[in-house]
Structures are given as structure tokens and as C-alpha cells.
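Numbering (the working numbering), first residue to last: 773 to 1220.
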């Protein structure tokens, strides 16, 4: 399924270069013993993309043999072609010696165990080796990723290099292919046949759409959302205007997602579309510093202040299956909720920011991690008053399948260990069953 863009280019060569953190296959700080010799190391490896030239790799760190208190002779980054980029330790790192319990002074040879430098490479993978002169330790590899973050105005960060090609979506006109349009037609036709409750479809706007003036590349005229809003008017909640009015409260500099405040705006509009109103909830927030999914990619990580909800939460979680991401199920009950409603929320990471408000407003909230697909079995069991289908704007280039089998997916993920259960998970699941969620517990036999 493909669509076209126009011939405009997205030129990022003149943008402010930033360093992105590279995560190696080995522990950034670790030790290895080989033929009676031990080596210890600590590295920070980052990548900078600038213009059309090769990426620049920046390396800082240290390596030494703690048993003999001698620094490594060479730290080597080897390309698949065999070309080596060598660093000779020449920086004194008394902090390392103290951390390792090595009794030495800044003047001792072992203190000269640090490196700091850069090199260019077009290789996508580098092996990392440490030589003591007598032995060479192959400690692992590091992948050189495409650029993932753009630096915009006033320090705002934006996504690029992702599988959905967010940059191209933002800066070029989107010309949808016929099969893309047909797939979305089938999706909304399926929504219309949903027999239970009021179904609403909400798209979390990309930060680029809410604050195009802070993006470093000029905005395009028409993106995928424009075509969907035109083709399916009345089917889509796209709160870009309300979020745009809130601006810095709705999004922050270092994350792709809306904030708790942005989630509140979305929850209000969703309930209004479903014929309900978000009851009065205190506007109490605390200001916290966080790195976000964009800031965490940089070296060093960048942080920003964001407003996080701080008002008392009267809801309680009565079930969770501890599955990571897709297939995760959480159920909230609120006996003090002003709305005697059951809400079923099928959504991804942005939907998480609406949960606090929906759980405060409604008697029962069932959240299933999805990107717009729903599960008929869960709907039949819950008989919800409201079904919310949520996805993110950048995901619209790939129309979702209308339906999914959540419990089959969950069984596969549990078998692969894609869960974060507590040590006493069997007892926790038994407690969920006693709380009235036995139907869900019975569909997770591997957790009981």
C-alpha cells in the first residue's frame, strides 16, 4: 500500500546538528576476562548527522586492566570493511580510578586511561575492541542509526528518520493512493457496523501540526489527516485547534506525545462527541523535569519541564495483564465517578494520557493497547456505553485493520517473555479475580 508525495524536498542540511545517543550491544560500562586478563571499560558513544556528509561518531570513555592497574593501549572501532578508527588513551581519569578502588594519583600512568574524540564513517555497524598489547578484547558492536531527532526553534525537538517518515509527512504534500483510501473506507465502514455503544475515533495530532512555527522545515499543505477529514467528515476527532491554543501546556520540547494537560483536552472533546461532559476536575499539576522520548535519544539527554496531573485520583486499577505495549490491558473502577458509564479505550501511548481523566469521569474504564483496532470479544463482554478508538497522526499512513484478537496476541507475547509481571504475579491475578475480573484472569492462564 503506497501513496505519493510531490517533488518538494525536505532539506535538513542547514539545521543545527545534534548528537544522538547510540546504544551498543554491550553494557556501556562493563568488564570482561579473557585468558586470565581482565579489562574494564566505560563508554558514551554518540552520532551526529550533518548535511549530506558521512555521520560523525563521538566517543568518550576509558578502558584499563584493573588487576594490573594499567591503561588499555588502543580502543578500536572497526568497520565491516576492516578499516579501523583507533583511539590511544591520553586523558587522565582520576574519577575512574576512585570508582574502581584503584589506589593511584593523577600522575600515575594508569590515570591516563581516558579517550575523547570523533571520526567519520559511512558504516552502519562498528565492532568495538580493546587492546592491552598482548590481547585484543572484542566487546561487542554498535549500530550507526539514521538521524532520529531534528532541532527546531527555541530548543524544540521533532521526530525524523522513523518508520512512518514523519519529516516527509510534514514537509511534502501527501497524494494518497487508491488502495490507501479504500483501506480507510473499509475501516470506517466497519466502525459504522459496531453494534454496541457510541464509537468515536480520535487522532492525536503530531507536534509538528500543533506548532508548525517551531519546526525547522516549512509545513506542507496537505498531509494524510487532511485527506481523511475531507473524505470522512464527522467520523474523526482531531483536536489540533484546542491543543494549539494551549501550545506549551499541551506538548513539551523533548517528547512526541501530548502532556497530561493535552490529554485532558482530548478527553474533554472525546466525551463531548460521545454526548457526555467531562465533570469538573481540579486543574492541579506539578512541574516535573523529564527527558521524553526525543530528549532521551540525544547525548547528553535533553530535559524539559512539563505539567503533570497532581489532583487526587479516586479510581483504582482492578486488573492488569503486565504485557508490554500492544495487548496491554488495564481496567479501572471508580465508585465515586459522576458518570455511570463503561468506557472501552483502544489506543496507544498517547491514549495513556487520557486514562486519568476518563477513569475520574466514568464508573468503569477498560484500556487495551492498540492503534485503532478493536476486539469484538472484549466489546461483547463489556457492553460499553462508549468505545474510543485512538491512533497517532503519524500512523495514518498505514491504515489499521479494524479488528484484532487481543488474547491470541497476549498469549504469544507472554510466551516470548514480553511482560513485566511482579514476582507474586499468581497472587496478584488471584486478587484481580476476587475483585470481579475473573473473565480477564481466565484468559491469561500463563500468568496464573
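We put the beta carbon where it would ideally sit given N, CA and C, even for glycine.
Would you mind stating whether residue i and residue j have Cβ atoms separated by less than 9 Å?
{"i": "residue 1134", "j": "residue 1115", "result": "yes"}
{"i": "residue 1170", "j": "residue 936", "result": "yes"}
{"i": "residue 1038", "j": "residue 1157", "result": "no"}
{"i": "residue 887", "j": "residue 862", "result": "yes"}
{"i": "residue 801", "j": "residue 815", "result": "yes"}
{"i": "residue 946", "j": "residue 901", "result": "no"}
{"i": "residue 1132", "j": "residue 1109", "result": "yes"}
{"i": "residue 1025", "j": "residue 964", "result": "no"}
{"i": "residue 1137", "j": "residue 1087", "result": "yes"}
{"i": "residue 1060", "j": "residue 1078", "result": "yes"}
{"i": "residue 1012", "j": "residue 989", "result": "no"}
{"i": "residue 1129", "j": "residue 1040", "result": "yes"}
{"i": "residue 934", "j": "residue 915", "result": "no"}
{"i": "residue 885", "j": "residue 865", "result": "yes"}
{"i": "residue 1004", "j": "residue 956", "result": "yes"}
Note the first and the last residue of the continuous alpha helix (DSSP H) segment covering residue i.
{"i": "residue 813", "result": "Looking at the DSSP string, residue 813 is not in any alpha helix (DSSP H); the run it does join, the beta strand (DSSP E), is 809-820."}
{"i": "residue 1040", "result": "1032-1045"}
{"i": "residue 862", "result": "Careful: residue 862 lies outside any alpha helix (DSSP H) and carries neither H nor E."}
{"i": "residue 939", "result": "938-943"}
{"i": "residue 1219", "result": "Here residue 1219 belongs to no alpha helix (DSSP H), and DSSP marks it neither H nor E."}
{"i": "residue 1200", "result": "1197-1204"}
{"i": "residue 955", "result": "950-964"}
{"i": "residue 1178", "result": "1178-1187"}
Keeping to the same chain, check which residues put their C-beta closer than 7 Å to that of residue i; ignore five residues upstream and five downstream.
{"i": "residue 1192", "result": "1094 and 1096"}
{"i": "residue 987", "result": "924, 930, 942 and 980"}
{"i": "residue 806", "result": "907 and 909"}
{"i": "residue 1122", "result": "976, 1029, 1030, 1162 and 1164"}
{"i": "residue 912", "result": "796, 797, 798 and 900"}
{"i": "residue 1071", "result": "791, 792, 793, 816 and 818"}
{"i": "residue 1167", "result": "936 and 1143"}
{"i": "residue 826", "result": "892, 893 and 894"}
{"i": "residue 1145", "result": "1118, 1172, 1173, 1174, 1175 and 1176"}
{"i": "residue 786", "result": "In this predicted model, residue 786 has a pLDDT of only 45, less than 50, meaning its place in the structure is not dependable; the value taken from the coordinates is given anyway. Taken in chain order, the list of residues that qualify is empty."}
{"i": "residue 838", "result": "810, 812, 872 and 874"}
{"i": "residue 774", "result": "Low per-residue confidence applies at residue 774: pLDDT is 47, beneath 50, and the placement is therefore not dependable, though the value from the model is reported in the following sentence. If we look at residue 774 and ignore the five residues flanking it on each side, its Cβ neighbours are 949."}
{"i": "residue 1083", "result": "1053, 1054 and 1056"}
On the DSSP letters alone, give me the boundaries of the beta strand (DSSP E) that residue i sits inside.
{"i": "residue 849", "result": "846-850"}
{"i": "residue 834", "result": "828-837"}
{"i": "residue 1209", "result": "Taken as a continuous stretch (DSSP letters only), residue 1209 belongs to no beta strand (DSSP E), as it is neither H nor E."}
{"i": "residue 1139", "result": "1134-1141"}
{"i": "residue 1159", "result": "1158-1164"}
{"i": "residue 1221", "result": "Shown here, the chain extends from 773 to 1220; a query on residue 1221 therefore has no answer."}
{"i": "residue 888", "result": "884-892"}
Using C-beta distances below 6 Å, list every residue in its chain close to residue i, excluding the 5 sequence neighbours before and after it, in chain order.
{"i": "residue 999", "result": "948"}
{"i": "residue 1142", "result": "1118"}
{"i": "residue 828", "result": "820, 890 and 892"}
{"i": "residue 1212", "result": "1091"}
{"i": "residue 927", "result": "1025"}
{"i": "residue 776", "result": "Its pLDDT being 49, under 50, residue 776 is placed unreliably in this model, and the value from its coordinates should be taken loosely. The answer, listed in chain order, is 947."}
{"i": "residue 1185", "result": "1095 and 1099"}
{"i": "residue 1207", "result": "1090"}
{"i": "residue 1104", "result": "1087, 1089, 1131 and 1137"}
Excluding five sequence neighbours on each side, which residues of the same chain lie with their C-beta closer than 8 Å to the C-beta of residue i?
{"i": "residue 842", "result": "836, 881, 882 and 904"}
{"i": "residue 1201", "result": "1213, 1216, 1219 and 1220"}
{"i": "residue 972", "result": "1009, 1042, 1045, 1046, 1158, 1159, 1160 and 1161"}
{"i": "residue 962", "result": "1174 and 1175"}
{"i": "residue 1155", "result": "968, 969 and 1114"}
{"i": "residue 780", "result": "Any reading at residue 780 is ruled out, since the residue's pLDDT is 41, under 50, leaving its predicted position unreliable."}
{"i": "residue 917", "result": "792, 794, 819 and 933"}
Beta carbon of residue i: closer than 8 Å to some heavy atom of the ligand ADP?
{"i": "residue 1016", "result": "Absence of the ligand ADP from the depicted structure is noted, as is the absence of any ligand whatsoever, leaving it without description."}
Based on DSSP bridge pairs, tell me the residues matched to residue i.
{"i": "residue 970", "result": "1158"}
{"i": "residue 1058", "result": "1080"}
{"i": "residue 975", "result": "1163"}
{"i": "residue 856", "result": "850"}
{"i": "residue 797", "result": "In DSSP, residue 797 forms no bridge with anything."}
{"i": "residue 897", "result": "915"}
{"i": "residue 931", "result": "921"}
{"i": "residue 843", "result": "836"}
{"i": "residue 1053", "result": "DSSP output for residue 1053 lists no bridge partner at all."}
{"i": "residue 802", "result": "813"}
{"i": "residue 1025", "result": "DSSP, once it has assigned bridges, lists no residue as partnering residue 1025."}
{"i": "residue 1173", "result": "The partner list for residue 1173 (beta bridge, DSSP) is empty, contrary to what the question assumes."}
For residue i, decide whether its Cβ has a neighbour in chain C, counting only Cβ atoms nearer than 9 Å.
{"i": "residue 1190", "result": "In the structure shown, chain C cannot be found, because there is only a single protein chain."}
**Message:** Report the start-end ranges of each beta strand (DSSP E) in the stretch 1061-1129 that is 3 residues or longer and not cut off at the edges.
**Reply:** 1076-1081, 1088-1092, 1101-1105 and 1111-1119
**Message:** Restricting to runs no shorter than 4 residues, where is the alpha helix (DSSP H) found entirely within the stretch 977-1021?
**Reply:** 979-982, 996-1003 and 1012-1018
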